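Heads up, the numbering used here is the position in the sequence shown plus 1039, with the first residue counted as 1. Every residue, glycine too, gets a C-beta built ideally from N, C-alpha and C. Note that this is a predicted model, so its numbers are computed, not measured.
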Amino acid sequence: MERRLMQIPMDKVCLIGMVHVQALPGTPGHSMKMRDIIALAVKEATILRNAGFDSVLLENMHDVPYLKRAVGPEITAAMTAAACAVKAAVNCPVGIQILAGANREALAAAQASGADYIRAEGFVFAHIADEGFVEADAGDLLRYRRMIGAEHVSILADIKKKHSSHAITADIGLADTAHAAEFFGADALVITGEATGRPVNPEHLKEARKGTHLPIIAGSGANRDNLPVLWPHVQGIIAGSWLKKEGRWDQPLDRNRVRQFLKAAAKLGHGI
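Put into structure tokens, the structure is as follows:
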């Protein structure tokens, strides 16, 4: 079945703009009405798309502290509502990530909203995250995707992800992890730095490439200055924190930073 994000040619780099949805109902930081949360998500998605991003990815980043794997129906419903509004507002692929590792809920929200892909944590191999011990869920997730008829929704799988300890799989390198994720049915792989806003090590991108034919996406720390370093090794780049005021993820979008980022990408051939 058609997977829109995966149709991007392998010789092109897809720029994915991150929309950090405001704190949702029931979370410690929640304060805004849902209509205002949705309106802000639509505003930021529209800015990113109009500036030249190829896709937007919605994430409930403000819902700290995060639950491990399962979130309540209020979060799934809220992310679905936000994704529906964003999908109607922008003419590009839309993705959903629900923290932390709530991949089934993200898939359900994507199916209900018409979103095109999800970003999935903990797809293969176990790790220790901020939230505790996280087991792999590829088997359950792909069966759930089949059960709800969402096989058109692509899965961008984080491997050796940020904010996590991978000591228990220290004997398994990025190449082998990438190979396992491809074997288990991921559609693309996301490689990150150690934490939100921290750049990806280009050597890690090269190492992952040795184990997979899947598209590889740089998933953290992309900025105007390191784009040339990342560009030759990836098929996608997720940009978030650097696009905000002062480069902080919890701040509003900075239109000037967005323009600078796209200008740097244009010099590398984006949009040609």
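For this session: Could you say which of V1229, L1181, A1196, H1205 lies nearest to G1171 if we only look at CA atoms?
Result: H1205
Exercise. Tell me which same chain residues have a C-beta within less than 8 Å of the C-beta of H1218, skipping the five on either side of it?
Worked result: G1250, T1251
For this session: Give the straight-line distance between the Cα atoms of Q1150 and G1232, rounded to the nearest whole angstrom.
Result: 29 Å
Problem set entry | Opening and closing residue of the beta strand (DSSP E) in which V1268 lies | No beta strand (DSSP E) contains V1268, which is instead part of the alpha helix (DSSP H) from 1266-1269.
Exercise. Can you give, in chain order, each stretch of the beta strand (DSSP E) that sits fully within the segment 1152-1224 and has at least 3 residues?
Worked result: 1156-1159, 1166-1168, 1171-1173, 1193-1197
Exercise. CA-CA distance, A1128 and A1305?
Worked result: 24 Å
For this session: Output the distance between the C-alpha atoms of E1083 and V1239, rounded to the nearest integer angstrom.
Result: 24 Å
For this session: Would you identify the three-state DSSP class for L1096, choosing helix, strand or coil?
Result: strand
Problem set entry | Bounding residues of the beta strand (DSSP E) (the contiguous stretch that carries C1123) | Taken as a continuous stretch (DSSP letters only), C1123 belongs to no beta strand (DSSP E), being part of the alpha helix (DSSP H) at 1112-1128.
Exercise. Can you give the Cα-Cα distance for Q1006 and R1263, rounded to whole angstroms?
Worked result: Since the first residue of the chain shown is 1040 and the last is 1311, residue 1006 is not available in this structure.
Exercise. Any idea what DSSP makes of A1261, helix, strand or coil?
Worked result: coil
For this session: Would you kindly check if the distance between the Cβ of R1158 and the Cβ of L1197 is under 8 Å?
Result: Sequence inspection shows Asp at residue 1197; the Leu mentioned does not correspond to that position. Yes. Within cutoff.
Exercise. Whose C-beta lies closer than 7 Å to the C-beta of I1211 among residues of the same chain, with five residues either side of it excluded?
Worked result: F1164
Problem set entry | N-terminal and C-terminal residue of the beta strand (DSSP E) that V1058 is part of | 1053-1059
For this session: Compare the beta carbon distance of G1056 and A1278 with 8 Å and say whether it is the shorter of the two.
Result: yes
Exercise. Is it right to say E1285 is buried, meaning 16 or more other beta carbons lie within 10 angstroms of its own, or is it exposed?
Worked result: exposed
Exercise. Whose CA, out of M1118, D1155, G1153, lies closest to the CA of I1353?
Worked result: Examination of residue 1353 is not possible in this model, given that the chain is present from 1040 through 1311 alone.
Exercise. What number of angstroms, rounded off, separates the C-alpha of D1289 from the C-alpha of M1071?
Worked result: 15 Å
Exercise. Smallest Cα separation from A1227: which of P1112, L1244, I1076, L1063?
Worked result: L1244
Problem set entry | 6 Å CB neighbourhood of I1187 in its chain, flanking five on each side removed | Q1150
Exercise. With C-beta atoms as the reference, is L1097 less than 8 Å away from A1122?
Worked result: yes
Exercise. What three-state label does DSSP hand L1253 in the structure shown?
Worked result: coil
Exercise. When the Cα of H1202 is compared with those of S1193, V1173, Y1183, which residue comes out closest?
Worked result: V1173
Exercise. Which of helix, strand or coil does DSSP assign to V1103?
Worked result: coil
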